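Each remark here refers to the structure printed beneath this line.
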Amino acid sequence: MGIDAFNRCVDEHSDALYRFILKNIRDEEKARDIVQDSYEKMWQKIDTISPGKMKSYLFSTAYHTMVDVIRKEKTRVDFESIREEMYSDNGQYTDLNEVLHEAVSKLPAIQRSVIMLRDYEGYSYDEIAGITGLTESQVKVYIYRGRVFLKKYIGRMEVLI
Numbered sequence: 014m015g016i017d018a019f020n021r022c023v024d025e026h027s028d029a030l031y032r033f034i035l036k037n038i039r040d041e042e043k044a045r046d047i048v049q050d051s052y053e054k055m056w057q058k059i060d061t062i063s064p065g066k067m068k069s070y071l072f073s074t075a076y077h078t079m080v081d082v083i084r085k086e087k088t089r090v091d092f093e094s095i096r097e098e099m100y101s102d103n104g105q106y107t108d109l110n111e112v113l114h115e116a117v118s119k120l121p122a123i124q125r126s127v128i129m130l131r132d133y134e135g136y137s138y139d140e141i142a143g144i145t146g147l148t149e150s151q152v153k154v155y156i157y158r159g160r161v162f163l164k165k166y167i168g169r170m171e172v173l174i
């Protein structure tokens, strides 16, 4: 990969990468730092990355950098320790987008990441496995558990409308 390919990669993927990281950690400064660190790591390996693998390498690097930041802050929560009654809401509310974002923020980091990669960024299970370093089966399990939690958290659609 050359300098032109690197610059093209920055132009094409920086917004999507920033959105992905921001949706997961909800801190603009940290998201910018992670994106910058990811591009720096990519620049350091510019000679070893083939042009067809740039996006995958970039998202994988950003994901792993984000996980490292989360681990340093020790904000990781075990899914089994979450009690449903702490986070369920049976009151009526009409702003579905706000409720959905709040529900997604309650997910453990790994589930939030795989759900965002699948549903927001449109990656396949195989691509998500490559980015996160999980097996395809683990990705499916985390997505399923996350969706079950979201379904229970949000509740019935009639309550929201």
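First residue of the sequence shown? That's 14 in my numbering, and the numbers climb one at a time after it. We put the CB at the ideal spot given by N, CA and C, even for glycine. Note that the coordinates shown come from a computational prediction; the quantities given were computed from them, not determined experimentally.
- Q49 is classed as exposed because its beta carbon has fewer than 16 other beta carbons within 10 Å across all chains shown.
- Residue state for L35 is assigned as helix, using DSSP reduced to three classes.
- Scanning I156, A44, E25 for the CA closest to the CA of D81 turns up A44.
- Taking a cut-off of 8 Å for Cβ pairs, the stretch 152-166 and the stretch 116-127 touch, as three or more such pairs fall below it.
- Rounded to the nearest whole angstrom, the C-alpha separation of I62 and Y70 is 8 Å.
- Taken through DSSP and simplified to helix, strand or coil, P121 comes out as coil.
- Annotated as proximal: I141 and V127, with beta-carbon spacing under 7 Å.
- In terms of Cβ geometry, F19 and I59 form a close pair [threshold 7 Å].
- Residue nearest to I83 within the set K68, R125, Y136, K66 is R125 (criterion: CA-CA distance).
- E111 and I156 have their alpha carbons spaced roughly 21 Å apart.
- Annotation for M67: the continuous alpha helix (DSSP H) segment containing it runs 67-86.
- Annotation: K58 is outside any alpha helix (DSSP H) and is labelled neither H nor E by DSSP.
- By the C-beta density criterion, I38 is buried, having at least 16 other C-beta atoms within 10 angstroms.
- Note on geometry: alpha-carbon atoms of S73 and K54 lie some 11 Å from one another.
- The Cβ neighbour count for I16, taken over all protein chains shown within 10 Å, is under 16; the residue is labelled exposed.
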